[in-house]
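To start, the structure under review is shown below, and the notes come after it.
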Amino acid sequence: MAQKTYLFAIIVATLFAVSCAETQPGTTTPGVEIELGSTQELKKFSSNAEIKEYLNQAALESAQGYDGSFGTGLTRATFAMDTEESVAQIAAPMAAEAGGTKSDSSASEYSETNVQVEGVDEADFVKNDGKYIYVISGSELVIVDAYPADDAEILSETRIDGNVRDLFVNGDRLAVFADDYEQVYMIPEYGYYPVPRTTTRTHVYVYDISDRSDPDLVKDYNVNGYYFQSRMIGDYVYFICKDSVYYYNNLVDVPVVRESAKVIVEPDVYYFDNPEGSYVFHTVASFDIASDADSINAKSYLMGHSNNLYVSQDNIYIAYQRNYRYYYYEQNNEERFYEVVVPLLPEDVQAEINSIKSEGLASYETWDKISAVLEEMYNSMEESEKEDLVDEISEAVEEYEANLAKERSKTVIHKISINEGEIEYDSRGEVPGYLLNQFSMDEHEGYFRVATTSNIYTRRQSIMYNNVYVLDSGMEIVGELEEIAEDERIYSTRFIGERLYMVTFQRIDPLFVIDLSSPSNPSILGELKIPGYSDYLHPYDEDHIIGIGKETEENQWGGVSVGGVKLALFDVSDVSNPVVVDSYQIGQPGTDSEALYEHKAFLFDKEKNLLVIPVREIKGDRYRDSRYGYYMQRVWQGAYVFSLTPEDGFEVQGKVTHNEGDEDYYSYYGSSNAVRRALYMDDVLYTVSNSRIKMNDLANELEEINSVKLPYTQPVYRYPMIDVVEDWG
């Protein structure tokens, strides 16, 4: 009997492992259908009390896997105890001394922020209107009279409280976004004394800048939560704030919109019948920047943690990975046993197990009885019969786990309609896999297109591949192209008209050209495989695409080493056979560019034959610095200026740096002299760092024209670079 019991322990352990193994997010082939128990319908809270009850119920359910410390009280944060500065004190401009009579003329042509969707402006820390440059330098909003460049000077410096993020300019109005912390006092449920706590609020400071030397603060809109992203369409500014449901002394904030200290909007709060591990209030607000009225509109949605946003001229799309509470996984283990394992057992054993299940015993009592049945079954089998059964069960569980992983890795996308400041929830959709960034999404002629990467993690396998989905106006999938480039992930995508250009990478860089002209039948037209990869794709014209990323090569151990920054121009006129027209590599391993991960740092104008990117370049041999005793490499920071045509490829026209002296011998991570943006007015190139704006003549070999020092005061710490050349394999 001891031998039989030992054998049973081994087999049941195997059975238990395959029936209860946890899986990580991923995707796989279709097969077993899994019910997730959520309608995902949009619902509106009718009162604060209903919000409180919903969150309390969520806390009770969540407590099965966590500590259950969810808020049991609720309040609107109206007991704000700010340091009472007047509006003038919060943002008082300091007019710069006039430097004599200047021309009021503006440039005949000037660059604008590089955006994803035409007509949908994206906020940035620097803007220009062809005469003035508006830039955030530390905590200062600085307005520079920048044209003509010879006479450039600062007109005003305005102190902004909080963590200043970025801005919009619209004629004689300017909006600045900033996160700020404030201390508020709340009274816990059935408490008697206000309890202090610190909260984050997003401020939108709206200025009248008709007098650029003396900006006038006309509005201070502020909303619960931290600033996520914003867009401007015409005169309407849309911004999104995210506020985690905060559990503190049994209190939960509900978003409100204030103008200065006065509550002017208590947004309707909506939710979705979906179990989330945690909740975040997403407040979508809009206002007419040109209006003097308190025209702000806002609605709040209780969702999971979002990380991607796409905005067309008609809709906002908020995307996040679908999330489940801890108890969902425990419940799934039981369902997996009854739905997958039991049907494969002999019929008499199935009958016994189902009978035990129907007795309504405690979980541990049920399993004690079931395990006894399984022990008797296995001990009565021949060895080969046992092995065959376990193999069959393992295969079925593998399929179940894979399909479960696909469901658990889905991305939820919420569609919110916008029109002249109005905000209305439209619909929601789900697609397998996860998104890379905002360029993974696109809206075209009523369809929403999305590119994702899927992962499968099961007991036996780990698989990665990529997908393209087309959704209709109701966010239902109508077309799909799955399992592209197995074992690779998406590095960049760009939707242009009826095509998608997609770069994946593992050892080489495949550029896929995908046809989306038939929404129900997306298809691959062609692909190109070259070393390296592109992190960002930008249209040159209808037949050419610019890519910026990193060069790669195979190393001596058979892995892949990452080199310097690489620019490439792709000819896609023959969609079945895309080719590289030209490429250019900058620097050695460790070389970087903000344009790799921030498209606003990429300046391109085909008509001016101008391409500018910021670069932090590692170059030269390592040397030992006697001052520090470290091996170091020379680091250059600045902007590379190219001309670019299909005929001549990339041609370096020059470089611009804001460094002085031997500063380029040190590694400046986050240096105030690092060039971050470039823009032009007529034939003058303006490069912008935190510390200065430099002007160079595009028509005269980048000869320096002028430089304006910005009031940046944040301390910069120098760190010697140690062993920059490293193994990337």
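When you line the sequence shown up against our numbering, it's residues 7 to 735, in that order. Yeah, the Cβ is synthetic: ideal placement off N, Cα and C, and Gly gets one too. Bear in mind the structure is a predicted one, so any value in this text is a computation, not a measurement.
| Item | Value |
| --- | --- |
| Same chain, Cβ closer than 6 Å to N321, neighbours up to 5 away in sequence not counted | K421, S423 |
| Coarse secondary structure for F131, derived from DSSP in three states | coil |
| Opening and closing residue of the alpha helix (DSSP H) in which R465 lies | That residue, R465, is in no alpha helix (DSSP H); it is neither H nor E in DSSP. |
| Inter-residue Cα distance where the pair is V170 and T208 | 10 Å |
| Spatially closest choice to N314 from Y384, I324, V714, E548, by CA coordinates | I324 |
| For R165, the three-state DSSP class (helix, strand or coil) | strand |
| Given G644 as reference, the closest of Y440, N696, S301 once Cα atoms are compared | N696 |
| DSSP-derived helix/strand/coil call for K416 | coil |
| Three CB pairs or more closer than 8 Å across the region 365 to 379 and the region 495 to 509 | no |
| I302 - DSSP class collapsed to helix/strand/coil | coil |
| Unbroken alpha helix (DSSP H) run spanning S361, endpoints | 353 to 363 |
| D220 to Y316 span [Cα, whole Å] | 35 Å |
| For D151 and Y138, believed in contact at Cβ under 8 Å, the rounded distance | 6 Å |
| For V263: DSSP bridge partner residues | V229, V271 |
| V346 beta carbon less than 8 Å from that of V396 | no |
| Range of the contiguous alpha helix (DSSP H) that encloses I376 | 369 to 385 |
| K614 (DSSP reduced to helix, strand or coil) | coil |
| A184, enclosing beta strand (DSSP E) - first and last residue | 179 to 192 |
| Where A304 falls, given that 16 or more other Cβ within 10 Å makes a residue buried | buried |
| Contacting residues, own chain, Cβ-Cβ under 7 Å from G125 (five flanking each side not counted) | I239, Q319 |
| Inter-stretch contact (C-beta, 8 Å, three-pair minimum) for the region 153 to 163 and the region 179 to 190 | no |
| Proximity to P516 [Cα-Cα], best of I502, N527, I490 | I490 |
| Closest residue to E407 among V379, N339, F287 (Cα-Cα distance) | N339 |
| Close Cβ partners of I57 (< 7 Å) along its chain, the five nearest in sequence each way excluded | F51, L80, V260, V275 |
| Straight-line gap, P545 to G655 (C-alpha atoms, nearest Å) | 15 Å |
| Same chain, Cβ closer than 6 Å to I142, five either side skipped, listed in chain order | F131, V170 |
| Coarse secondary structure for I295, derived from DSSP in three states | coil |
| Buried versus exposed call for A411 [16 or more other C-beta atoms within 10 Å across all chains shown] | buried |
| Beta-carbon proximity check, P525 vs G569, cutoff 8 Å | no |
| L441, enclosing beta strand (DSSP E) - first and last residue | Here L441 belongs to no beta strand (DSSP E), and DSSP marks it neither H nor E. |
| Residues bridged to K700 (per DSSP) | T693, S713 |
| Closest residue to V348 among D374, L380, R328 (Cα-Cα distance) | L380 |
| Rounded straight-line distance, which links the Cα of Q594 to that of K625 | 6 Å |
| Backbone secondary structure at P349 - three-state DSSP | helix |
| Contacts around D521, its chain only, beta-carbon distance under 6 Å, and the 5 residues preceding and following it disregarded | S529, L531 |
| Burial state of Y370 (16 or more Cβ within 10 Å) | exposed |
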